[in-house]
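The structure under discussion appears below in the form of structure tokens.
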Amino acid sequence: MAFFENGLRAKVMSTEIILEADLSKKILFEALDLVKEFEAKFSAYKEDSLLNRVNINAGISGVICTQDERELFSKALEMAKASDGVFDPTIGILSQATYCFGKSTQKIPTKKELQKAKELVNFKDFIVNKESVYLKRKGMRLDFGGIGKGFIAEKLITYLRNKGAKKALVNAGGEICTFGKNYNIAIKSPYTDENIAVVKTSKAPITFSTSGDYERFISSKENHHILDIKTASQNHYYSSITLIKDGKDGTLLDAVATMAFNTPKEKLRALAKRYNIAIIAIEEEGNLLFENFKSLDIKAIELYAL
Amino acid sequence: MQIKYLFFAIISLVTLEINSFASNLKDSMSFGFNTYNDNANVNVYSPTFSLFKKVSHKWMLGFKMRIDGITAASIKNGANGGHVDAVTGASLNENNFDDVRYAPTLMATYDDGDNTLTLGGYYSTEKDYDGKSLFMNYVRQLNQQNTALGIGFSQSFDKWSPVFDRALPKDNRNERKLDLSINQLITPTFSIQGVFSYMYSEGFLSSPYHYVLQGDIAKFENYPDQRAGEAYSLKSVYLFNDANAMNVSYRYYKDDWDISSHTINIEELHDFSHRLTSGLRLRYYTQTKSNFVQEIGNYNANDAYFATDYRMSAFDSFTIGIPFIYKVGRKNKLTASIDYYQTTKNDYIKSWYDVDSISAVFTSLNYKFDF
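In order, the protein sequence lines correspond to chains D and S.
Residues 405 to 710 (the numbering used here) make up the first sequence, in order.
Residues 29 to 399 (the numbering used here) make up the second sequence, in order.
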């Protein structure tokens, strides 16, 4: 854990969290507790997490949870419905149990294994009701990797605002929300350790989310971790895609970033307009694509050589 | 009482009460932590360690280590500071700091009471820069140790390895420095010190990453590849009484880039008890601009030199600080300080850091014990 002048940086399980705000350290520590609570409940790597209890009870029974705990489940299901399954949190059977991304047992599965596992991916069998969460078929698994960091970033920025922050920055594993100050937010190059662009924000709330194939993969970037639900395998439209949206809707943006990564460039503009987001995409050949920046509330964007 | 001993330590002279010309070497170890934080979001955290060990009556070996953890460090590419507050990417950088610099120093000291000779070497490494230097200092006590003449020399051999793909015109940066000093005890309570310094640098003296962006001009920062300067300083230390001392110093510097500066330091120290000494220090600095820096926006494409660093322009700065010395025991000492630094408004600071002036706080904490 390291202290900035008016901020806090800590690693909570696998997620690096940076909080900067004009608030006391005590409040920043309290905010950090939110992250720890979240990880305890929703981490796929924690055996006794709420998420894993839902997975273990798939096809058996629902798991009772509080209204607060149901919030992420509900949002994930909403996104799945709105995207007609392009984003689907029931992808866990593929990501965790077949590819096993992030585990020592991770492997490139056979087509037969993928075909079999794909049958258990269907958001329509994911039920969230007033008291409980339930997966209808045995073997189904939830994975919030495509939405969780955005959710926690949104929670943190809301918490800091409610505590009286006039300016704040939250960085939850690369999912970034800011307000109140002109922050410089860099977009990392997928090819080097450097940055390809820096966005200077206005003081209005704004959120950033990036998906990329260059950090988590098995053996090579050919087998990166952002799966296409339809094929249960990987697309290679982009090396990296960054979404920027006015406001603090990190949950939505994180999910849409996952969807955008599996959207061919001809359909990217429609996706951007549908969700009112700006997109910077870097194709595998190194071409830069920009969509829907006209109405984005930023002060400047500076580009560097790739 | 502590002030009195400190007075003589400052001026490196032995009082008339001590008749022996024995070596002053002592085994000691120290641990320290220094910080620097400014409003341009540069933060440096530096733990330090030193160990000095006598290997004979007249010889001592020393080792120092300093580690600087720097956020918002040197590797910023572009036409203005654009320090980055956060990075969005598929995964975050694992490191906590933008850059970490490791700087060990090794030295050997010979001291027979009249002559003190120190030889040493320093090495520092960071992501894009390696520094190596050798140094030598010699002090000769004269006139029943009321006078001390000193000469010091250092030569560094540094090298740039820019993280961006850029071929530099030269990748070396060498500096040499010569100091000549004289310390004279005028009365038992008053001493003066005069120092002449000569500095010469050659090689790649700019930043590899910064560039001037103006209209349709985008030119990498470029300074002359040689710089020669000299400095003259005068320092006086006055012991008012057993519990109060003041030191006042003035330094004048000029170089062949046409930068000249004046520095005035005043420090007053007071013994609050037989263990605790504290005081107040003030520093004022003013410098002129270099002969190649232009007003922001006035560069031409065929100019020979381009600057983005505010230290190439004219500015003033003020520092106010409080030092603390606490004697834990006969052989243990805790020293600490806190200083506030403020520059005047400067267009280059505004252009690079998006603040009108630099405000900084730096602190130090050090625990030293003899064994």
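In this text, a Cβ means the ideal position worked out from N, Cα and C, and glycines have one as well.
Nothing here was measured: the structure is a model prediction, and the numbers come from that model.
Let's test the definition: count the other Cβ atoms within 10 Å of the Cβ of residue i and tell me whether it reaches 16, buried, or not, exposed.
i, result
"residue 200 (chain S)", "exposed"
"residue 514 (chain D)", "exposed"
"residue 470 (chain D)", "exposed"
"residue 310 (chain S)", "exposed"
"residue 236 (chain S)", "buried"
"residue 594 (chain D)", "buried"
"residue 411 (chain D)", "buried"
"residue 612 (chain D)", "buried"
"residue 531 (chain D)", "exposed"
"residue 54 (chain S)", "exposed"
"residue 558 (chain D)", "buried"
"residue 195 (chain S)", "exposed"
"residue 96 (chain S)", "buried"
"residue 152 (chain S)", "buried"
"residue 260 (chain S)", "exposed"
Within its chain, find whatever has a CB closer than 7 Å to the CB of residue i; leave out the 5 residues flanking it on each side and keep chain order.
i, result
"residue 547 (chain D)", "448, 493, 495, 496, 499 and 500"
"residue 608 (chain D)", "583, 650 and 701"
"residue 461 (chain D)", "467"
Which residue's Cα is closest to the Cα of residue i: the options?
i, options, result
"residue 596 (chain D)", "D:563, D:708, D:573 and D:671", "D:708"
"residue 85 (chain S)", "S:137, S:77, S:117 and S:91", "S:137"
"residue 150 (chain S)", "S:182, S:287 and S:234", "S:182"
"residue 222 (chain S)", "S:280, S:289, S:396 and S:274", "S:280"
"residue 665 (chain D)", "D:673, D:679 and D:685", "D:685"
"residue 397 (chain S)", "S:357, S:386 and S:381", "S:357"
"residue 248 (chain S)", "S:212, S:141, S:88 and S:336", "S:336"
"residue 442 (chain D)", "D:461, D:477 and D:426", "D:477"
"residue 592 (chain D)", "S:115, S:399 and S:328", "S:115"
"residue 292 (chain S)", "S:172, S:346 and S:209", "S:346"
"residue 148 (chain S)", "S:140, S:158, S:156 and S:132", "S:132"
"residue 647 (chain D)", "D:635, D:694 and D:523", "D:694"
"residue 438 (chain D)", "D:490, D:660, D:480 and D:560", "D:560"
Nearest chain D C-beta to residue i closer than 7 Å, yes or no?
i, result
"residue 116 (chain S)", "yes"
"residue 113 (chain S)", "yes"
"residue 286 (chain S)", "no"
Please report how far the alpha carbon of residue i lies from the alpha carbon of residue j, in whole angstroms.
i, j, result
"residue 255 (chain S)", "residue 343 (chain S)", "20 Å"
"residue 268 (chain S)", "residue 216 (chain S)", "11 Å"
"residue 246 (chain S)", "residue 239 (chain S)", "6 Å"
"residue 227 (chain S)", "residue 318 (chain S)", "16 Å"
"residue 230 (chain S)", "residue 202 (chain S)", "5 Å"
"residue 641 (chain D)", "residue 525 (chain D)", "23 Å"
"residue 504 (chain D)", "residue 682 (chain D)", "32 Å"
"residue 567 (chain D)", "residue 429 (chain D)", "12 Å"
"residue 570 (chain D)", "residue 606 (chain D)", "13 Å"
"residue 403 (chain D)", "residue 473 (chain D)", "Past the boundaries of the shown model lies residue 403 (chain D); chain D is included only from 405 to 710, so the question cannot be answered."
"residue 360 (chain S)", "residue 305 (chain S)", "14 Å"
"residue 586 (chain D)", "residue 678 (chain D)", "27 Å"
"residue 275 (chain S)", "residue 350 (chain S)", "14 Å"
"residue 657 (chain D)", "residue 415 (chain D)", "22 Å"
"residue 321 (chain S)", "residue 94 (chain S)", "34 Å"
Hey, does residue i have any beta-carbon neighbour from chain S nearer than 7 Å?
i, result
"residue 696 (chain D)", "no"
"residue 568 (chain D)", "no"
"residue 573 (chain D)", "yes"
"residue 578 (chain D)", "yes"
"residue 591 (chain D)", "yes"
"residue 433 (chain D)", "no"
"residue 587 (chain D)", "yes"
"residue 527 (chain D)", "no"
"residue 665 (chain D)", "no"
"residue 562 (chain D)", "no"
"residue 405 (chain D)", "At residue 405 (chain D), the pLDDT of 39 sits below 50, so the modelled position is not reliable; the number obtained from the coordinates is stated separately. Chain S contact via Cβ: absent."
"residue 548 (chain D)", "no"
"residue 491 (chain D)", "no"
"residue 646 (chain D)", "yes"
"residue 614 (chain D)", "yes"
Under 6 Å Cβ to Cβ from residue i, same chain only, skipping five residues before and after it: list those, please.
i, result
"residue 180 (chain S)", "165 and 207"
"residue 144 (chain S)", "167"
"residue 348 (chain S)", "310 and 368"
"residue 475 (chain D)", "none"
"residue 603 (chain D)", "589, 702 and 705"
"residue 102 (chain S)", "In this prediction, residue 102 (chain S) has a pLDDT of 43, which is less than 50 and means its spatial position is unreliable; what the coordinates show is noted afterwards. Closer than 6 Å at the Cβ level, and outside the excluded window around residue 102 (chain S), lies no residue."
"residue 250 (chain S)", "234, 333 and 334"
"residue 363 (chain S)", "353 and 394"
"residue 375 (chain S)", "324"
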